[in-house]
Structure formats: C-alpha cells, structure tokens
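*Asks:* Below: one structure in structure tokens.
Number of protein chains: 2
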Amino acid sequence: MFLDIEKHNETGITIDNCKVGDSVTVSGMIHNVRVTKWGGFIVLRKSRGLLQAVVSNDTSRFFDEQGQEIHMNDLCREMAITIVGTVGEAKIKDPAAFYNTIEIAVAEVRVLSRPTTADVVDMNALKFGDEETLLRYKFDNRQVTLRNPRDMAILKVQSTIAKAFADFLTENGFTQIYTPKIVSEGAEGGANVFRMDYFGKQVYLAQSPQFYKQIGVGVYERVFEIAPAYRAEKHATSRHLNEYISLDVEMGFIKGQEDVMLLEAALLRHIIATVAERCGHELNLLGATMPKLPNEVPAWKLSEVHEILFENKLCEADHRGEDDLAPEEERAICKYALEKYGSDFVFVTHFPSEHRAFYAMDDPEDPTLTLSFDLLMRGLEITSGGQRIHKEADYREKMLRRGMNPDAFRFYLDTFRNGMPPHGGFAIGLERITACFLGINNVKECSMFPRDINRVAP
Amino acid sequence: MFLDIEKHNETGITIDNCKVGDSVTVSGMIHNVRVTKWGGFIVLRKSRGLLQAVVSNDTSRFFDEQGQEIHMNDLCREMAITIVGTVGEAKIKDPAAFYNTIEIAVAEVRVLSRPTTADVVDMNALKFGDEETLLRYKFDNRQVTLRNPRDMAILKVQSTIAKAFADFLTENGFTQIYTPKIVSEGAEGGANVFRMDYFGKQVYLAQSPQFYKQIGVGVYERVFEIAPAYRAEKHATSRHLNEYISLDVEMGFIKGQEDVMLLEAALLRHIIATVAERCGHELNLLGATMPKLPNEVPAWKLSEVHEILFENKLCEADHRGEDDLAPEEERAICKYALEKYGSDFVFVTHFPSEHRAFYAMDDPEDPTLTLSFDLLMRGLEITSGGQRIHKEADYREKMLRRGMNPDAFRFYLDTFRNGMPPHGGFAIGLERITACFLGINNVKECSMFPRDINRVAP
C-alpha cells in the first residue's frame with residue numbers, strides 16, 4: 034500500500050471556510066439536542082466552540098454506527114456524529130456559539146460512536162450551591178468537565194499565550210531549549226523540592242530551569258523554554274500549583290536589567306495583541322478584557338512604591354522602610370498606575386538582596402539591593418526577573434556569605450569560570466498569567482490537570 | 034521611571050541585515066583569536082555560528098571592562114566582547130562560519146566580561162583518542178562544551194524541528210496542550226517507571242501523555258504536546274534516554290489509521306522542508322542530508338515486510354511468521370524502499386495485538402492484529418502510532434483479557450463512558466528524529482543535558 038500525501042492535502046469546503054448556501058460535512062460531539070414538533074436543534078461542539086444545526090421532520094435523516102436508519106429521538110449528548118447539510122444564516126446570533134453567524138440545515142446525521150452511560154455529564158448544568166463544591170466536582174471529573182465551553186475557552190487562551198510567547202521570541206533571535214527536569218541540585222533553594230530516587234541516587238524535580246537557561250546564554254546568546262516546573266508547596270491555595278508551566282527567558286549581552294524589562298514589556302504586548310486577535314470568541318465567552326500596556330510602562334523602585342502610596346494616602350498602613358511589597362500595596366500601586374498612567378502593569382525593582390535568589394546581581398550603587406524586578410499585573414505578581422551575576426568570583430563570594438557550599442554547584446560555577454556575557458531574564462507562570470488575563474480567581478482553573486497537595490488525579 | 038517600549042523597538046543595522054560598507058556593532062564570545070605581524074583575526078561566536086573580524090595594528094583599538102585601553106594580546110577565548118567596525122566582503126568563504134560572505138574590519142573592541150581561568154575549554158580542540166572518551170568528556174562538561182559549533186548546530190536543528198512540528202499542527206486545527214508529568218497511573222505499563230513520593234502518596238513520572246492526549250481529543254478534536262517523558266530504562270545504550278522530549282499527536286474523527294499515517298507523513302514533509310530552509314548552515318556543518326519523503330509513502334503490513342524481504346532475498350534469515358521486525362529487517366526494508374520507491378520512510382502496520390499497548394485498536398478483520406503502525410526511517414523506528422479503542426466496553430474487555438484491573442483506570446475509562454469519537458495518534462522522540470535526520474549515532478548528542486542510568490548532572 035502507498036499513502037498518497039497530496040491526495041490528503043486536497044481540501045474542500047469546511048465549516049471554517051464555508052459560505053451561506055454551501056453544502057458542508059461537519060463532525061463533532063453533540064453538546065445538546067432539543068426535539069420540537071417540526072424537528073429540532075442539534076448543538077454540535079467543535080474544537081473552538083458550538084455550532085447550531087436545524088433538523089426538519091420532513092427532510093432530515095439519521096443513521097446509526099451500522100448505517101441503520103434511526104430517529105432524532107435516538108440522539109443523545111456526547112455522541113460523536115457527522116452532519117451533512119446546507120449552510121444557512123443564523124436566525125439568532127447566539128454569543129455563546131463560536132459559529133454564531135451560520136447554522137446548518139441538516140440533511141443527514143451519521144452517528145460515529147456513543148457514550149455508554151445514559152447519565153452523561155451535562156456540560157451546561159455544572160451549577161452547584163457554592164463555588165468550592167463546583168470546582169471540586171469539576172476537578173474530580175476533569176476528563177469530562179473539560180468539555181465545558183468555559184474551560185475549553187480558558188485552555189485555548191492559555192495555549193494561544195504560549196504560542197505567542199514562542200513566536201515572538203523566535204522572531205527576535207531566541208533559541209528554544211529543552212532542559213532536564215530531573216536534576217542533581219535545586220536552583221531556587223528552600224525546602225519545597227520534590228525528591229526522587231534515581232537508580233540509587235537522590236535527585237530532585239527542577240524548581241526552575243535557572244541554571245540551564247543561564248548556561249544556554251553562553252551557547253545561544255538568547256534562549257527560552259516552555260516546560261513544567263515543580264514546587265512542593267504544602268499549602269493548597271487558589272494561587273499555587275505544585276506542577277506548573279514556566280515560560281522562561283534568558284538573554285545575554287544586556288546593558289542592565291532595563292533591557293530585560295523592555296523585552297518583557299514588548300513580549301507581553303505581542304501576547305496581548307495575539308490573544309485579542311485570535312481569541313475574541315473566548316474572551317467574550319469569559320467576559321474578559323485584555324489588560325492595558327501603554328508605550329511607557331511604569332517602573333518604580335520598591336522604596337519609591339512605598340513612598341508613592343504613602344504620599345498619596347493609598348494604603349491603610351505606612352509601609353515605608355519595609356523590605357517587601359504588602360498585598361495591599363500590590364493592589365494599590367496597580368490601581369494607581371492604571372488610573373494615572375493607563376497601565377495594567379507595573380515593574381517594581383531593587384528588592385533587597387537578602388530576599389532574592391543568590392544569582393541576582395547586587396546593585397553596585399547599593400549592594401544591599403539587587404538589580405531585579407517583579408512585574409505586577411492587576412494587583413498580582415506575574416513575573417520575577419532581573420540581571421544575574423556573571424562573574425565566578427561574585428558567585429563564590431555571595432554563596433559563602435549565604436552559607437552555601439560552592440562545591441555543590443560545580444558545573445554551574447564552571448560556566449562562569451569559562452566566561453559569560455552580562456545577562457538577565459525572567460519567568461512567567463503560564464497558568465498565572467492566563468488567570469490574570471481572564472480575571473479568574475483560582476489559578477487551578479488554568480491548568481488542564483492541576484496538581485496540589487490533595488490532588489494527583491485525574 | 035518609565036520604560037519606553039517603542040524606543041526599544043527602533044532597530045538599526047545589525048549583523049543579520051547589514052551590507053558591505055555598513056558600520057556595525059556586534060557582540061559575541063571570542064571563539065578564537067590569532068595575532069599576526071600586521072594585526073590579526075578574531076573569530077566571534079554568535080548564536081548561529083562564527084563571524085570573522087580582522088584587526089589592523091594601525092587602526093584597531095581595544096578597551097577593557099573599565100574602558101582602559103588594552104592590547105590585542107590581552108584578548109583571550111570566551112571573553113564576551115562588543116566589536117564596532119565596518120562590514121567587508123569575506124576574503125575566504127569559510128564554510129565553517131555562519132557569516133561566511135562577510136567579515137568585519139575592527140575599529141574597536143570592548144571587553145564586557147572574561148573567563149576566570151586561563152585554561153578555558155578549547156571548543157576547537159575537542160579531539161580525543163576514541164569517540165567514547167570524547168563523548169564522556171563532552172557530556173561531563175556540557176555546560177561549556179555545548180559552545181562547540183557542532184553541538185550548537187545539533188540543538189539548533191532540534192529546536193527547529195520542534196517549532197515546525199508545532200507550527201504545522203497549529204495551522205491544521207490542533208490545540209497544544211500541557212498535561213501533568215506527575216501521575217497516579219503509568220500509561221504504558223511495564224516496570225520502567227520512576228516512582229516518587231508525593232505528600233505521602235506513591236506517584237509516577239509520566240511515561241507518555243497517552244491518557245491525557247486521548248482525553249484532549251474529547252475536548253479539542255485534535256491536540257498535540259511537546260513535553261518531557263520518562264522511562265526508567267536500566268540499560269545505557271546509544272539509543273535510549275531516560276528523560277526525552279516526546280512530540281505527541283492525537284486526532285479525533287478519523288476513518289482509520291491511514292488518516293493518522295497521512296497526517297504524520299504530511300507533518301514530516303513540512304518539518305523536513307522547514308529544516309532544509311532554515312538550517313542550511315547547520316546541515317552543511319554536520320554533513321547531513323535531509324531524508325527523502327515522496328508523495329507516495331510505502332506502507333506495508335508486518336507480514337508483507339517479512340514476505341518482501343524473503344522473496345527478494347534481502348535478509349540473512351527467513352523471518353516469515355515472526356511477530357516483530359528483526360533489526361536486520363528494519364535496515365533491509367528501508368534500503369529496499371529507498372532504492373525502489375525513493376523513500377527514506379516506511380510505515381509498517383498490523384503488529385500483533387499482544388505486543389502493542391492495551392489501548393491499540395484490534396483489527397476487526399483479524400483481532401490478533403492491531404490497527405497500529407511503526408514508522409521506520411533510515412533503518413530505525415522513529416514513531417509508534419495507530420488507531421485507539423474508543424468504546425468503554427472494548428477497553429474493559431481487553432484489560433480483563435490482559436489481567437489488568439479496570440478499576441485502577443477509573444478516570445481514563447470514564448472518558449470513553451462519556452462518549453469519544455474514533456481517534457488515533459502517534460509520538461515521535463525529538464532526540465531520536467534529530468539524530469536520524471543528522472546521521473548521528475548516539476541519541477544523547479541530541480539532548481541538551483542527557484539523562485541515563487549513570488548520568489544526572491550537569
């Protein structure tokens with residue numbers, strides 16, 4: 034036998050390029066079916082959303098998997114079917130439907146397969162007394178509840194964000210890398226690492242690709258990665274995931290952390306424009322509006338943020354002199370930046386050295402501070418980043434000062450020993466930025482199969 | 034402070050868009066430096082490869098990190114530098130250089146940072162008595178040896194393959210998904226799973242996203258994933274990695290496994306064309322030629338392959354009646370397909386059911402066989418795929434027949450219980466297909482940081 038690729042590539046009329054009056058064949062899952070006196074409606078679920086098909090008792094016919102004629106009454110939700118019909122203009126433009134300008138006049142329905150339970154999860158009736166019960170039910174049955182158009186829309190936006198991230202960086206000379214998640218040393222320190230036995234050795238699941246993306250800068254100047262990262266957080270909050278997708282960037286030959294911040298701002302602008310362009314339906318469905326990112330993005334030092342909020346009386350407490358941002362400050366400074374400068378984003382820089390990772394470069398003008406930043410969006414931190422140390426001696430000195438053993442980081446330090454350009458980077462949590470864009474409170478809703486302290490299935 | 038994004042986006046002349054006579058500023062690592070009587074050469078390493086710069090004693094000047102003037106003699110390998118100079122035509126078109134039509138007449142070199150050892154790894158001198166010693170040295174010091182142009186080229190091709198894979202599938206209506214790698218059940222069975230403690234529960238690192246990508250078909254019709262996969266293989270061969278990147282595809286609403294094979298052939302054709310177009314330099318450097326994929330790709334049943342090889346006397350042994358392909362058959366049938374049909378690829382189908390995963394659909398015409406395939410390329414298997422079972426009852430029946438406990442697969446079976454379209458898919462090992470394209474014997478050379486039984490660092 035020979036497979037003819039060219040033949041496969043012949044394309045005819047599809048549901049995505051058809052016009053009114055065309056004959057069309059379209060497959061999907063039955064999302065809903067409503068029988069009326071004169072016929073009825075089939076709501077077909079496709080990958081982007083819903084399509085309405087209109088059945089007429091006079092002209093529509095139905096066939097089962099064996100080609101036997103059946104009745105419309107025999108159809109049920111979550112059957113996989115193929116509809117043959119004619120494209121017409123939609124009588125009612127249902128905003129919940131992806132295909133909301135057209136509908137299909139059904140000539141023929143062919144059943145391809147069917148559920149084996151009469152008690153199929155009703156994607157439209159996921160309503161419970163309280164949100165927590167609803168969420169638990171949805172997560173417990175995610176293999177099926179993901180078929181709910183709202184969840185489909187969330188993960189479609191997530192996928193679009195990741196693609197736009199990769200496309201922008203590739204266009205700008207970055208190389209995508211794939212680094213190991215089984216590692217012999219944790220990059221971020223602390224106790225929240227997952228341990229594992231690896232043929233008799235104790236190893237860890239990578240908390241971040243930090244060491245490897247820095248190494249990548251010595252090779253490719255500019256690198257990025259999209260991959261899982263692991264944090265053994267023991268608390269189950271709406272803001273944490275134990276396994277998440279980290280969008281990681283690292284670039285060499287920078288003049289300072291501003292280069293990194295400018296790159297991130299330009300990247301985010303591209304992502305926002307791409308999501309707005311390609312996910313209009315999803316944004317509508319979720320009632321989301323894309324954040325504002327003006328040409329000039331506010332970037333303030335931590336001490337300046339404290340000062341601005343105090344002077345303008347925007348916080349309950351006086352936070353001046355504190356070494357981190359209080360949650361009320363995160364919200365207040367974002368509100369201030371939006372009202373005054375039309376920006377949903379605020380960079381906050383110069384965090385104290387003792388609160389940042391050891392690889393952060395200290396500010397030569399005040400070594401108690403670092404050339405590092407957080408990016409806040411709508412009151413939440415979505416990124417940490419900054420310039421990194423690039424000299425071996427500076428690493429050794431800082432490690433010793435922190436009571437770390439440089440010998441445990443042999444290959445990492447060897448990178449700098451062999452020469453490294455000035456560099457910096459940042460990481461964005463994919464689930465978190467998706468939640469922030471879409472105004473979703475629980476970050477777990479932005480993970481296809483969330484993992485937390487209580488959940489490792491489905 | 035405000036970051037001006039637009040200003041950042043102003044682009045001037047760069048090394049990638051300059052023409053002869055232009056003034057240009059270009060940064061990179063010193064790959065090599067050669068002093069002559071009249072000046073000398075600096076070979077600069079950029080992300081895509083090498084660029085030659087010509088120094089003149091009369092006009093070129095050199096400055097250290099503090100802006101103090103230095104001599105060309107003070108330069109050394111693996112310094113990060115910025116060169117300001119004028120673009121000229123290359124005197125010698127060195128095929129090893131990426132920028133091999135131009136060279137830079139150096140006006141000024143500014144040192145940005147430098148190695149802290151005089152004994153920098155020489156990227157050009159990675160030569161040892163035997164290949165095994167060389168490979169061990171390279172892997173032991175991969176944080177630095179990756180800067181070798183040959184290894185840079187391999188991983189650049191790898192990155193291009195993955196991007197082409199994602200682009201083609203996105204264009205064809207597939208949604209990229211991100212599924213968990215910490216799982217409560219192994220999808221592929223067998224003993225080669227990594228176990229881990231997860232807050233008191235025993236969990237596994239995913240051997241494949243099989244269950245999750247099938248679930249994804251119930252949601253998005255067509256899905257793909259690019260993510261790590263884990264196999265606790267105890268043998269250290271040149272063909273196995275314990276952590277590898279799996280390119281996974283799953284599509285719904287198929288008529289049979291031919292749809293899946295045709296998709297894979299069209300996808301591979303796109304990948305091959307993209308690598309040929311974008312990685313000409315890397316292919317030259319590695320002496321690689323892209324494989325041939327004609328319009329008509331051979332696809333033979335396992336029993337037919339045995340028969341063809343026997344009838345044409347292409348194997349030492351008579352393999353007719355055997356239930357798998359012998360390695361000599363893999364090589365022989367690929368040679369035959371190339372000589373007779375101009376194809377570096379051969380699909381082999383209808384493997385015995387007992388040798389394939391439980392989710393493979395049995396052939397209704399002969400239930401001892403499956404509607405599944407391997408794709409061979411240049412004598413090696415690079416893919417397994419096929420049509421999957423889509424009915425809950427068929428899963429239960431097959432699981433019981435195999436002594437598996439269906440209750441251990443509750444969420445998986447629940448997917449089919451709630452209705453699933455006919456579907457199928459395949460997986461490609463990214464490192465393996467990269468090695469196959471490039472004619473590299475050891476698949477570990479196609480992993481940035483390979484993991485095997487003996488290696489978990491760097």
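Line order of the protein sequences matches chains A and B. In terms of the numbering used here, the first sequence opens at residue 34 and continues consecutively. In terms of the numbering used here, the second sequence opens at residue 34 and continues consecutively. Idealized CB from N, CA, C, for every residue including glycine.
Contact criterion: CB-CB distance below 8 Å. Does R255(B) meet it with respect to chain A?
*Replies:* Interface residue, yes.
*Asks:* Quick one: which unbroken alpha helix (DSSP H) runs of 4-plus residues sit fully inside the region 327-357 of chain B? Chain order, please.
*Replies:* The region 327-357 of chain B contains these whole alpha helix (DSSP H) runs: 335-344.
*Asks:* Between L84(B) and A130(B), how many whole angstroms is the CB-CB distance? I'm expecting something under 8 Å.
*Replies:* The pair is a contact, with the Cβ atoms about 7 Å apart (cut-off 8 Å).
*Asks:* Suppose contacts are defined by Cβ-Cβ distances below 8 Å. Is M105(A) in contact with V88(A) by that definition?
*Replies:* Yes, Cβ-Cβ distance for M105(A) and V88(A) is below 8 Å.
*Asks:* If you count every other CB in all the chains shown that lies within 10 Å of the CB of M34(A), and 16 or more means buried, which is it?
*Replies:* By the 10 Å Cβ count, M34(A) comes out exposed.
*Asks:* By DSSP, does L371(A) sit in helix, in strand, or in coil?
*Replies:* Note: L371(A) maps to helix in three-state DSSP.
*Asks:* Output the distance between the C-alpha atoms of V153(B) and D91(B), rounded to the nearest integer angstrom.
*Replies:* V153(B) and D91(B): Cα-Cα distance of roughly 29 Å.
*Asks:* Does the region 51-70 of chain B come close enough to the region 302-310 of chain A to have 3 or more Cβ pairs within less than 8 Å?
*Replies:* These segments do not touch.
*Asks:* Since Q290(A) and F257(A) should fall inside the 8 Å C-beta cutoff, what is the C-beta to C-beta distance between them, to a whole number of angstroms?
*Replies:* So it is not a contact: roughly 18 Å between Cβ atoms.
*Asks:* I'd like the ranges of any alpha helix (DSSP H) spanning at least 4 consecutive residues and lying wholly in the region 271-313 of chain B.
*Replies:* Runs of the alpha helix (DSSP H) inside the region 271-313 of chain B: 290-311.
*Asks:* Distance, Cα to Cα, I248(A) vs T212(A)?
*Replies:* Roughly 10 Å separates the two Cα atoms.
*Asks:* Here's the rule: buried if 16 or more other CB atoms are within 10 angstroms of the residue's CB, otherwise exposed. What is A468(A)?
*Replies:* That one is buried.
*Asks:* Comparing alpha-carbon positions, which option in L77(A), G72(A) and P483(A) lies nearest Y253(B)?
*Replies:* Nearest C-alpha to Y253(B): L77(A).
*Asks:* Would you mind working out which of F482(A), A199(A) and F449(A) sits nearest V282(A), comparing C-alpha positions?
*Replies:* When only C-alpha atoms are compared, the closest one is A199(A).
*Asks:* Helix, strand or coil, according to DSSP, for P400(B) in the structure here?
*Replies:* If DSSP states are grouped into helix, strand and coil, P400(B) belongs with the strands.
*Asks:* Terminal residues of the continuous beta strand (DSSP E) containing M62(B)?
*Replies:* It spans S56 to V68 - the beta strand (DSSP E) in which M62(B) sits, taken as one unbroken run.
*Asks:* So which residues on chain A does T448(B) lean against when the C-beta distance must stay under 7 Å?
*Replies:* Going along chain A in sequence order, the residues near T448(B) (Cβ under 7 Å) are Q176 and V177.
*Asks:* Whole angstroms are fine: how far does the CA of I137(A) sit from the CA of K171(A)?
*Replies:* Each residue's alpha carbon lies about 31 Å from the other.
*Asks:* Quick one: is Y245(A) near chain B, going by C-beta distance under 8 Å?
*Replies:* Taking Cβ atoms only, chain B reaches closer than 8 Å to Y245(A), which makes this a yes.
*Asks:* Does the CB of H423(B) have a neighbour CB from chain A at under 8 Å?
*Replies:* It does; some Cβ of chain A falls within 8 Å.
*Asks:* Can you say whether E102(A) is buried or exposed, counting buried as having 16 or more other CB atoms within 10 angstroms of its CB?
*Replies:* With fewer than 16 Cβ atoms within 10 Å of its Cβ, E102(A) is classed as exposed.
*Asks:* For a contact defined as C-beta to C-beta under 7 Å, what are the partners of V76(B) on chain A?
*Replies:* Within 7 Å Cβ-Cβ: nothing; V76(B) doesn't reach chain A, min ~14 Å.
*Asks:* Pull up the distance between the alpha-carbon of E425(A) and that of R450(A), whole angstroms please.
*Replies:* For E425(A) and R450(A), the distance between alpha carbons rounds to 5 Å.
*Asks:* Output the distance between the C-alpha atoms of E297(A) and A260(A), rounded to the nearest integer angstrom.
*Replies:* Cα to Cα, E297(A) sits roughly 18 Å from A260(A).
*Asks:* Excluding sequence positions up to five away, which residues of its chain have a Cβ less than 7 Å from the Cβ of F482(B)?
*Replies:* Excluding sequence neighbours, F482(B) sits near R175 and P491.
*Asks:* Under three-state DSSP, which class holds F131(B)?
*Replies:* It is coil, neither helix nor strand.
*Asks:* Run down chain B in chain order and give the residues with a C-beta less than 9 Å from the C-beta of V476(A).
*Replies:* Per Cβ cutoff of 9 Å: no residues; V476(A) is ~14 Å from chain B at best.
*Asks:* Any idea if H388(B) is buried or exposed, counting beta-carbon neighbours within 10 angstroms, 16 or more meaning buried?
*Replies:* So H388(B) counts as exposed.
*Asks:* Where does the unbroken beta strand (DSSP E) through E100(A) begin, and where does it stop?
*Replies:* Going by the sequence as given, residue 100(A) is Gly instead of Glu. First-last for G100(A): undefined, no H or E at that position.
*Asks:* Is the region 429-444 of chain B touching the region 400-417 of chain B in the sense that three or more CB pairs, one from each, lie closer than 8 Å?
*Replies:* Counting Cβ pairs under 8 Å, fewer than three are found: no touch.
*Asks:* Should the region 190-197 of chain B be regarded as contacting the region 456-465 of chain A, the criterion being three or more beta carbon pairs within less than 8 Å?
*Replies:* Not touching, per the Cβ criterion.
*Asks:* Using a Cβ-Cβ cutoff of less than 6 Å, which residues in the same chain neighbour L335(A) once the five nearest sequence positions on both sides are dropped?
*Replies:* Only V381, H383 and F384 meet the Cβ criterion.
*Asks:* Hey, quick one: how far does the beta strand (DSSP E) through G457(B) stretch, first residue to last?
*Replies:* Residues H456 to G462.
*Asks:* Relative to chain B, which residues along the region 406-418 of chain A have a C-beta separation below 8 Å, given in chain order?
*Replies:* Those would be none; no residue qualifies.
*Asks:* Within 10 Å of its beta-carbon, does G452(A) have 16 or more other beta-carbons around it, so buried, or fewer, so exposed?
*Replies:* Buried: at least 16 other Cβ atoms inside 10 Å.
*Asks:* Sort out for me which residues DSSP pairs T47(A) with in a bridge.
*Replies:* Paired residue(s): none; T47(A) is not in a bridge.
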